[in-house]
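Working notes for the structure below.
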Amino acid sequence: MAVITKELAEKIARKLKATFISKKEHDFAQIYHEGKLIAFFGIRRGSQKDEGHDFIPSQIFVSTRQAKLLGQCPLLREDWIQILKAKGKI
Amino acid sequence: MLDDRLHHLISNRFSDERMNSWLSPKKCAVAIGHGLERRERVALRWPDEGFLLIDALAERWQELVRIEALEAEVKLLKERFATLEQLTPILVPVETFAPEPYEIIKPFQVVVKFYEDQYVASFFDANLSASGGTQEEAVFNLKDMLIEAFDMLNEIEEDKLGPGPRQQKAVLREFLARRENGSNNKRVS
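Line order of the protein sequences matches chains A and B. By the working numbering, the letter at position 1 of the first sequence is numbered 1, and the numbering carries on one by one without gaps. So the number in the working numbering is just where the residue sits in the second sequence, counting from 1, plus 1000.
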């Protein structure tokens, strides 16, 4: 059973205030901070809502647990920004 | 009655506790039925010639038990091997994006591993991955992801990219290029 489902991936995108760009097979969630693209991930179009997207945490530079927390509320976008700053990704 | 006596006798002759537990009267009867040839069964004249036959029966019984144990062990090992085989990451070379109008500047490998009931294909240098129900599907999805991410990043000006995406773009440009049209190899960076 996937930890990060398509449904959760969409929640994470919304939580990070991502803008969506549609390509042929994927919708790309782009996350901007101070006018710069700091991370992005693709959600496969047409996939089932429970289909696995367990690769997303690494693409937004967090652990699976942190990604799950992002999707499920306790972790805020601001917290995530701080994590990225600490990792030198901003 | 004969079965009970057989059981008692065998239990006395073979002190192994496990042997005793296997040799219930019912199992003895089954063993006699299956383990001995008709000729041997006819020859059973209790108790004079019994010991010889009991020894043969016990030997066969031990053999059966050993085979059963080995079969169980082989089954377990097969299952563990299948699990290990599934969990072991594999390297898949990417040499073409055909029929998509992209070319490989430098062949590269992607890693496919099994994770949470699905396969995840990753191109670590570009920090891009995709999943699928099979290894082939995961690689196919990753190839789609790579060319779409390549296009998407090329549409964004360099100074609007943070460190992560800038690095991803640089890596992708090192490995693939878009053809100007589907039929020629002119690169567009």
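Using N, Cα and C, we set each Cβ at its ideal position, and we do this for glycine too.
Restricted to the stretch 1094 to 1180 of chain B, the alpha helix (DSSP H) segments that are unbroken, complete and at least 4 residues in length are 1135 to 1154 and 1163 to 1175, listed in chain order. Judged by DSSP secondary structure, K11 of chain A falls within the alpha helix (DSSP H) whose first and last residues are K6 to K15. Taking C-beta separations shorter than 6 Å and ignoring five residues to either side along the sequence, the partners of T64 of chain A in its chain run V3 and P57, following chain order. The Cβ of D50 of chain A sits no closer than 8 Å to any Cβ of chain B. One Cα belongs to A1056 of chain B, the other to L1064 of chain B, and the distance between them is close to 12 Å.
Secondary structure of G42 of chain A (DSSP, three-state): strand. The shortest CA-to-CA distance from M1145 of chain B to any of B:T1134, B:A1126 and B:G1133 is the one to B:A1126. Close partners of L1161 of chain B in chain A (Cβ separation under 8 Å): K36 and L37. Between I12 of chain A and L70 of chain A, the CB-CB gap stays under 8 Å.
Comparing alpha-carbon positions, the option among A:A18, A:K15 and A:E34 lying closest to K85 of chain A turns out to be A:E34. Ranked by Cα distance from H26 of chain A, the first of A:I90, A:G42 and A:M1 is A:G42. The continuous alpha helix (DSSP H) containing I56 of chain A extends over residues I56 to Q59.
Residues of chain A whose Cβ lies closer than 9 Å to the Cβ of I1156 of chain B are, in chain order, Q30 and L37.
Contact annotation for A1170 of chain B against chain A: no contact, minimum CB-CB distance about 14 Å [criterion: below 7 Å]. Close to F61 of chain A, with beta-carbon spacing below 7 Å, are these residues of chain B in chain order: G1164. Distance check between E78 of chain A and each of A:K87, A:Q48 and A:K15 places A:K15 closest, using alpha-carbon atoms only. By the Cβ criterion, the stretch 1171 to 1182 of chain B is in contact with the stretch 1086 to 1104 of chain B, since at least three pairs of Cβ atoms, one from each stretch, lie closer than 8 Å. Beta-bridge annotation (DSSP): S22 of chain A is paired with A:D27.
If you draw a straight line from the Cα of I1104 of chain B to the Cα of A1072 of chain B, it is about 49 Å long. For L37 of chain A, the secondary structure class from DSSP, reduced to helix, strand or coil, is strand. The CB of Q1135 of chain B never comes closer than 9 Å to any CB in chain A; the least such distance is about 14 Å. Its Cα nearest to that of F1150 of chain B, the residue A:F40 stands out among A:Q66, A:F55, A:F40 and A:A18.
Contact annotation: in the stretch 1106 to 1127 of chain B, residues whose CB is within less than 8 Å of a CB in chain A are Y1115, E1116, D1117, Q1118, V1120, S1122 and N1127. The beta-bridge partner set that DSSP reports for I1090 of chain B consists of B:V1112. Within the DSSP bridge table, the entry for G52 of chain A names A:T5 as partners.
Within the stretch 1056 to 1069 of chain B, no residue places its CB atom closer than 7 Å to a CB of chain A.
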